[in-house]
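Accompanying notes for the structure given below.
Number of protein chains: 2
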Amino acid sequence: MSDGPIDHLIRQLSALPGLGPRSARRAVLHLLSRRDSALEILVRSLEEVARTTHACPECGNLDTLSPCRLCRDTHRRPVICVVASVADLWAVERTKSYRGRYHVLGGVLSALGGTGPEDLKLEALVSRVRACAIEEVILALGATVEGQATAHYVADMLRETGVRISRLSHGVPVGGELDYLDDGTIALALTARTQAG
Amino acid sequence: MSDGPIDHLIRQLSALPGLGPRSARRAVLHLLSRRDSALEILVRSLEEVARTTHACPECGNLDTLSPCRLCRDTHRRPVICVVASVADLWAVERTKSYRGRYHVLGGVLSALGGTGPEDLKLEALVSRVRACAIEEVILALGATVEGQATAHYVADMLRETGVRISRLSHGVPVGGELDYLDDGTIALALTARTQAG
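Here the protein sequences line up with chains P and W, keeping their order. Residue 65 in numbering that gives the first Met the number 0 sits at position 66 of the first sequence, with consecutive numbering throughout. Residue 80 in numbering that gives the first Met the number 0 sits at position 81 of the second sequence, with consecutive numbering throughout.
Written out as structure tokens, the structure is:
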């Protein structure tokens, strides 16, 4: 509206992933109409997160504890799930079907994006596998060209440690209709078919 | 992830219009990976807006000045555009095709939502029309049942002032394909057809 603080805030919010100018404007008006119950609480929340949250020196997860509570959990099995980002770590953890440890690489290899092996936490992964008597490393990287290239690279690096290396299965997603799936996924699901019954 | 500050912040952001849990998580990770360039600046921006922004006592617009810069602009014509919300005021102002004043009602009449005439800034509108020698009132309310009921109510209230009252035209939106429009809009656009050529 004006070139003042409201516009500045709208621009800040528009820069967040998933928010455009229209939703940023709606968010600002929502916050301004609920100063005490939303705006002030959001500011305090942001400040607290900024003050208390750190990247775990072990696995790279974001947490208020350091090492994070996943690394402190002694009931977790000596298995490491390698993920590209904290978002992916949270996605695996939400399934509640995995009870091992994690390792956040901090990205995937990308010639185009200028991400080389030296930009990823690869040496630290090899050290952890050696130091913690890890039994298996699960490569949970995206089914993209870059994700798969990274998985190959990590598997090569880990070969000398002798640890068992696995990767996520690929195929038809749960609830997926064949008609809406891309040809590549269907072809891969055919090749990687498993015995039924 | 944990029940700590990160989860709290994600819940705060999920409550904003246009953001769900997934985009709130992505926003938090975006902010945490850019503490100095995004998180700190967003906190300062929110604080500044909370501290400096007020509802204009004249028209109800949100601005750092009071009365707002639209009300201070002496070049604006003695016409009042009545809108339901500040978001609608901004939407009209963005068109750059209107150079009059505004009046934010603060909602529309809604039996279901429990909004009665006493909840809207109606008396203030009548006073402004009388005090400022207003020539025309444009009712820019949504083409919904509630918006149109409110427009009728406001028009009734203003009748005694003798001011000219108009409302936005209804019909096919610019770029609208007939095939994708609802029957009501097409029927209305037929009835309200204008002479061509």
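Positions of the beta carbon are idealized from the N, C-alpha and C atoms, including for glycine.
- With contacts defined by Cβ atoms closer than 9 Å, P/K120 and P/V103 form a contacting pair.
- The count of Cβ pairs closer than 8 Å, one atom from the stretch 54–65 of chain P and one from the stretch 75–92 of chain W, stays below three, leaving the stretches out of contact.
- What W/G3 touches in chain P, judged by beta-carbon distance under 7 Å, is T63, going in chain order.
- Within the stretch 26–37 of chain P, those residues whose Cβ lies closer than 8 Å to any Cβ of chain W are, in chain order, A26, V27, L28, H29, L30, L31, R34 and A37.
- Take the alpha-carbon of W/S96 and the one of P/G106: they are about 47 Å apart.
- In terms of Cβ geometry, P/C70 and P/R100 form a close pair [threshold 9 Å].
- Annotated as proximal: P/S22 and W/L18, with beta-carbon spacing under 9 Å.
- Between P/A191 and P/G161, the C-beta gap is not smaller than 9 Å, which leaves the two residues out of contact.
- Contact with chain W is absent for P/L180, since none of that chain's Cβ atoms lies less than 9 Å from the residue's Cβ.
- If you draw a straight line from the Cα of P/L61 to the Cα of W/A49, it is about 29 Å long.
- Against chain P, the beta carbon of W/I40 has neighbours under 8 Å at Q11, listed in chain order.
- According to the DSSP assignment, P/C80 belongs to no alpha helix (DSSP H) but to the beta strand (DSSP E) extending over V78 to V82.
- For W/Y101, the uninterrupted beta strand (DSSP E) run begins and ends at R100 to V103, by DSSP.
- For W/P116, no Cβ of chain P is located within less than 9 Å of the residue's own Cβ.
- With 16 or more neighbouring CB atoms inside 10 Å of its own CB, W/R24 falls in the buried class.
- In chain order, P4, I5 and L31 make up the part of chain P whose C-beta sits under 7 Å from the C-beta of W/T52.
- Contact between P/L177 and P/I164 is absent: CB atoms are separated by about 31 Å, not below the 8 Å threshold.
- Its chain contains V107, L108 and S109 as the residues whose beta carbon lies nearer than 7 Å to that of W/E145, once the 5 sequence neighbours on both sides are disregarded; these appear in chain order.
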